[in-house]
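Those letters in the sequence shown? Residues 1 to 423, per my numbering, in order.
Note that CB positions come from ideal geometry on N, CA and C, so glycine has one too.
Note that the structure is predicted; figures quoted are calculated from it, not measured.
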Amino acid sequence: MNILLVGSGGREHALAWKIAQSPLKRRLVIAPGNPGMEGLGEMRPVKADDAEGLAALAQEIHADLVVVGPEAALAAGLADRLTALHIPCFGPTAKAAQLETSKAFSKGFLQRHGIPTAGYGVYEDVASAKAALDAYSAPYVIKADGLAAGKGVAISPDRADAEFEIERMLGGRFGEAGARVVIEEFMDGEEGSLFALCDGKEAVLIGGAQDHKRAFDGDAGPNTGGMGAYSPAPVLSEAVVAEAHARVVQPTLDGMAAEGAPYRGVLYVGLMMTAEGPKVVEFNARFGDPECQVLMMRLDGDIVPYLLACARGDVSHLPPPPLKPGVVICVVFAAKGYPDSPLTGSIIRGAEQDFGPHVQVFHAGTQRDAEGRLIAAGGRVLSVCAEGADVAEARERAYAAIAAIDWPGGFCRSDIGWRALNR
Ligand code: AMP
Ligand code: GLY
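Below, the structure is given as structure tokens:
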């Protein structure tokens, strides 16, 4: 098969690593890719939000399957174009991707279909949004409606801060994404990310992971795209996963099909384990990053049949994907200053050494300079992943690899996996 993989992050490096191992793969083309993927496929400089350019590339290489990593490509309508060209696409249409790209849509959808989530309201002007705060109590949850790279959510400790966030969001801080705000009930509990491979009608679950969204140790500091993850996450027990499949994933697929937007691709369900059971925090229309990295390392066997079956509409004929025993952990090595203003250009040495069979280092924001040296070119730069018999062993291996990478311009959290260790 000829496969086109879209994206350039750690998530896509992990997908490329897994797809490259498939006996079904004849040719793997990656657009735009990153330096870590160089040995895995052919890199083509088409940007992930250039739906037209990507569709043309898929035609040029006679793609049998297009695998879409980031939400930008989905929002730009890549899956719609590919469907019109009869090219199987792993990833939802722009309409179905609204489960991620519009929080107002996804909250309305959850409510219409009786799927458990926090109560909410949607507001377009500052005065009515502020007045609506009367119905809630601290901490207040304020969200920009559209895509804001994981930074469009504020949890405000008091009313003054909540009003400030409303003014900021509706005041143009996020452009179009902030034209409306969602105010939500605060949910108390532990979070987990569950991943469902969907074919438009049904899903097989590929397991779950726990992310670490705050920048610093002890879950302090600003929200980020994710500073580390591990899988399996004890918070997603078998019972929780079964309940989420029955009460969230299947009703979502039924509801989307009934609304004329069948959902194909991976559905990322952010769950909060509340006293009343698991509730949806958010949906994403893509794999999580860095959750994807740990899932790809846990997956025992070929991923391509699953991706293709989702794209074609018959994944429910496949058994749940087999996962390796043990635990995989991922520690994100980020450029100092991330998430607000990452410092780029610093040299990274030792990231491409052989770390042995239990460790993989996936690239995200890396580049090569004129002399071929690896330099930091983004916020989240490397995903250092390790497998082990348990969390402690996986974690020891991941941090040993980090210690062996010489990058004074980087920082990471030192407590990835703490919730699992403290159980
Ligand atoms: P989101 O982008 O919607 O996933 O929100 C980012 C993060 O904010 C989530 O992962 C949660 O940690 C937190 N969060 C979002 N909504 C709520 C809520 N209603 N109650 C508590 N925490 C929330
Ligand atoms: N790690 C969270 C996300 O990908 O949205």
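| said: Need the endpoints of the alpha helix (DSSP H) that C310 sits in, please. | reply: One-based indexing of the sequence shown puts residue 310 at position 310. Start and end: V304 to R312.
| query | Since R159 is in the alpha helix (DSSP H), which residue starts that stretch and which ends it? | reply | The residue given as residue 159 occupies position 159 in the sequence shown. Its alpha helix (DSSP H) spans residues R159 to R168.
| Using 8 Å as the Cβ pair cut-off and three pairs as the minimum, do the region 60 to 78 and the region 233 to 243 touch? | no
| message | Quick check on DSSP: helix, strand or coil for S231? | response | Residue 231 sits at position 231 when you count from the first residue of the sequence shown. The answer is strand: DSSP assigns S231 an E or B state.
| said: In the DSSP output, which residue or residues are listed as bridge partners for D340? | reply: Locating residue 340 in the sequence shown gives position 340, where the first residue counts as 1. None; D340 has no bridge partner.
| Considering only the beta carbon of each residue, do V266 and F195 sit closer than 8 Å? | Along the sequence shown, read from residue 1 onward, the residue named residue 266 stands at position 266. Along the sequence shown, read from residue 1 onward, the residue named residue 195 stands at position 195. Closer than 8 Å, so yes.
| Whole-Å CB distance - S316 paired with D199, under 8 Å assumed | The residue you call residue 316 lines up with position 316 of the sequence shown. The residue you call residue 199 lines up with position 199 of the sequence shown. At roughly 7 Å, the Cβ-Cβ gap stays under 8 Å, so S316 and D199 are in contact.
| field | Span of the alpha helix (DSSP H), counted from its first residue to its last, around V240 | value | As a working note, residue 240 is residue 240 in the sequence shown. Where V240 is concerned, the enclosing alpha helix (DSSP H) stretches over E238 to A244.
| task | Look at G365 and V384 and say whether their C-beta atoms are less than 8 Å apart. | result | Taking the sequence shown and counting its residues from 1, one reaches residue 365 at position 365. Taking the sequence shown and counting its residues from 1, one reaches residue 384 at position 384. Not closer than 8 Å, so no.
| query | Across which residues does DSSP place P278 in a beta bridge pair? | reply | For the purposes of this step, residue 278 is identified with residue 278 of the sequence shown, where counting begins at 1. Looking at the DSSP assignment, P278 forms a beta bridge with M273.
| query | For the region 40 to 93, which segments carrying the beta strand (DSSP E) assignment without a break, of at least 3 residues, lie completely within its bounds, in sequence order? | reply | 65 to 68
| query | What does DSSP give as the partner residues of A16 in its beta bridges? | reply | For the purposes of this step, residue 16 is identified with residue 16 of the sequence shown, where counting begins at 1. A16 pairs with nothing; no bridge assigned.
| field | Shell residues, 5 Å Cβ cut-off relative to heavy atoms of the ligand GLY | value | D211, G226, G288 and D289
| request: Examine the ligand AMP and report whether any of its heavy atoms sits within less than 7 Å of the Cβ of I166. | output: By 1-based counting over the sequence shown, the position of residue 166 is 166. No, the Cβ of I166 stays beyond 7 Å of every heavy atom of the ligand AMP.
| task | Compute the beta-carbon to beta-carbon distance between R368 and M227, rounded to the nearest angstrom, for a pair I have assumed lies under 8 Å. | result | Counting from 1 along the sequence shown, the entry for residue 368 is found at position 368. Counting from 1 along the sequence shown, the entry for residue 227 is found at position 227. No, R368 and M227 are not in contact; Cβ-Cβ is about 25 Å, not under 8 Å.
| Using 8 Å as the Cβ pair cut-off and three pairs as the minimum, do the region 218 to 227 and the region 284 to 303 touch? | yes
| query | Is the CB-CB distance between M256 and A76 below 8 Å? | reply | Taking the sequence shown and counting its residues from 1, one reaches residue 256 at position 256. Taking the sequence shown and counting its residues from 1, one reaches residue 76 at position 76. Contact flag unset, no.
| query | What is the DSSP secondary structure of I424, counted as helix, strand or coil? | reply | The chain is shown only over 1 to 423; residue 424 falls outside these bounds and no answer can be derived.
| said: Taking the beta carbon of S341 as the centre, do at least 16 other beta carbons fall within 10 Å, making it buried, or is it exposed? | reply: Stepping through the sequence shown from its first residue, residue 341 is reached at position 341. Under this definition S341 is an exposed residue.
| field | Where the alpha helix (DSSP H) containing F105 begins and where it ends | value | Translated into positions along the sequence shown, residue 105 becomes position 105. Its alpha helix (DSSP H) spans residues K103 to R112.
| said: Between which residues of its own chain and A261 is the CB-CB distance below 6 Å, once the five residues before and five after are set aside? | reply: Translated into positions along the sequence shown, residue 261 becomes position 261. Once the five neighbours on either side are set aside, the close Cβ partners of A261 are K95 and A96.
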